[in-house]
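Residue numbers (our numbering), protein chains in the order written: chain L, 0 to 156; chain A, 0 to 156; chain E, 0 to 156.
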């Protein structure tokens, strides 16, 4: 674990990748494949629209403090399908190497017109996901386990 | 209808258009006007914030399968006004020509602080909508009716 | 107050800033600091993900008209913490000078899996906020008080 601090760095998004994910694709695996095949080390979702099913997400319990304990994360598993109303997030390399660390938050439309969502752990494409991913260049940050939050957080080396 | 498959293509967003939509403008018509006047063939919403009224949106019923039947789409019509909390989406040319196919998902804040939303069919500007639209170049995808979803989906020719 | 009209202008986002905000930072103050330190006159949030606490937001009451009266804005103050599921918005200079006018809409995940949110007045970072801000160049719009909405709206001079 490392001591983390705030940082601000200038970067560029000179290249984007447009993709359509097909029914039954795993959202996380499809993102990793794009990252690998197109040499995108640091990526950010600029736009995503579509529908998903078999979704697992977590939210933090009210009045939780830092570091967030496991029992403070409320997990929801929902079959759906749902309209994917918003997908925010990014991926960065881990300091230890290996696969990129993907951080995604999803917002889902339900058949009642109400909306649910959270920090995404798993999602499968229902009909389609149209995604535009930006390749972030000029950045030198990594995901490193934080001594404060006990999660993988961005750290500028 | 056509057999669709996944695709990934490299593209660029070198040009953006900033616009303010005024009260009572139709969101879809205003987007089409920008596309036409500024020669944007393929566009993606990079940011949108404002408020809307007279909104119609749909969500898919739980446990629906593919292709989604008409009775599996739950329509909601709401006068609002609502804060426009998120607007995701894009437009691409149809293979058959004519107007671009606009695909939008909206998330709306209600006066109780709860949130609703879905796949957007209609919305009118309430006080303002500030929108930043990216022009996607280097792309060669079109919207074509899919044999699987029976909707207009992205297809790389 | 000024008479406002629609506008469309071509602009560019050639430079982005990536930042991590730390626990207990004020979201608005941190954005202002980036704007000042990095000479970003007009900025747009391209991506934001993280968690927040001590949030104040407003939504417009159903059936409200223009100009929106103070009693038509419903204020919610919530301690959280919440997953920050979406943060949309921008900042532009005021015509009168001084600090930039920041316009933010936030969507928050609650421990029940439901979602709340609105026009953001205040938020403090809980564990982290990872933000990618685009610097908008080629734009000449300002925030000016509108005669119609009685709020600060975008105006092209």
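Here a beta-carbon is modelled for each residue, glycine too, at the ideal position from N, C-alpha and C.
These figures come from a predicted structure and were not determined experimentally.
Cβ neighbour criterion (16 or more within 10 Å) applied to residue i
| i | result |
| --- | --- |
| residue 29 of chain L | buried |
| residue 69 of chain E | exposed |
| residue 156 of chain A | exposed |
| residue 66 of chain E | exposed |
| residue 96 of chain A | exposed |
| residue 64 of chain E | exposed |
| residue 9 of chain L | exposed |
| residue 122 of chain A | buried |
Span of the beta strand (DSSP E), counted from its first residue to its last, around residue i
| i | result |
| --- | --- |
| residue 121 of chain L | 114 to 136 |
| residue 103 of chain E | 100 to 108 |
| residue 75 of chain L | 72 to 77 |
| residue 12 of chain A | 6 to 20 |
| residue 44 of chain L | 42 to 59 |
| residue 153 of chain E | 151 to 155 |
| residue 88 of chain L | 81 to 91 |
| residue 69 of chain L | From DSSP, residue 69 of chain L is part of no beta strand (DSSP E); its letter is neither H nor E. |
| residue 143 of chain E | 140 to 144 |
CB-CB length for residue i against residue j, believed under 8 Å
| i | j | result |
| --- | --- | --- |
| residue 167 of chain A | residue 33 of chain A | The displayed coordinates of chain A run from 0 to 156. Any statement about residue 167 of chain A would go beyond what the structure contains. |
| residue 132 of chain A | residue 42 of chain A | 5 Å |
| residue 114 of chain E | residue 51 of chain E | In fact, because the Cβ distance is near 14 Å, the residues do not count as touching under 8 Å. |
| residue 37 of chain E | residue 7 of chain L | 7 Å |
| residue 78 of chain A | residue 62 of chain E | 7 Å |
| residue 40 of chain E | residue 55 of chain E | In fact, because the Cβ distance is near 27 Å, the residues do not count as touching under 8 Å. |
| residue 163 of chain E | residue 129 of chain A | Outside the modelled stretch of chain E, which goes from 0 to 156, sits residue 163 of chain E, for which no answer is possible. |
| residue 148 of chain A | residue 126 of chain L | 4 Å |
| residue 87 of chain L | residue 46 of chain E | 6 Å |
| residue 195 of chain L | residue 142 of chain L | The displayed coordinates of chain L run from 0 to 156. Any statement about residue 195 of chain L would go beyond what the structure contains. |
| residue 153 of chain L | residue 81 of chain L | So it is not a contact: roughly 29 Å between Cβ atoms. |
| residue 160 of chain A | residue 117 of chain E | The structure shown does not extend to residue 160 of chain A, since chain A is modelled only from 0 to 156, so the question has no answer here. |
Extent of the continuous alpha helix (DSSP H) run through residue i
| i | result |
| --- | --- |
| residue 34 of chain L | 26 to 36 |
At a cut of 8 Å, does the region 12 to 31 of chain E reach the region 108 to 122 of chain L through at least three beta carbon pairs? no
For the region 93 to 100 of chain E and the region 132 to 145 of chain A, state whether three or more C-beta atom pairs, one from each stretch, are separated by less than 8 Å. no
Along the region 42 to 54 of chain E, where does the CB come closer than 8 Å to a CB of chain A? Name the residues. 43, 44 and 45
What are the residues of the region 116 to 133 of chain L that lie near chain A, defined by any Cβ-Cβ distance shorter than 7 Å? 126, 127, 129 and 131
May I ask you to list, following chain order, the residues of the region 7 to 40 of chain L that have a beta carbon less than 7 Å from some beta carbon of chain E? 7, 8, 9, 10, 11 and 12
Near-chain E residues of the region 57 to 79 of chain A - C-beta to any C-beta below 9 Å: 77, 78 and 79
Against chain A: residues of the region 75 to 108 of chain E by CB proximity under 7 Å: 75, 85, 87, 88, 89, 102, 104 and 106
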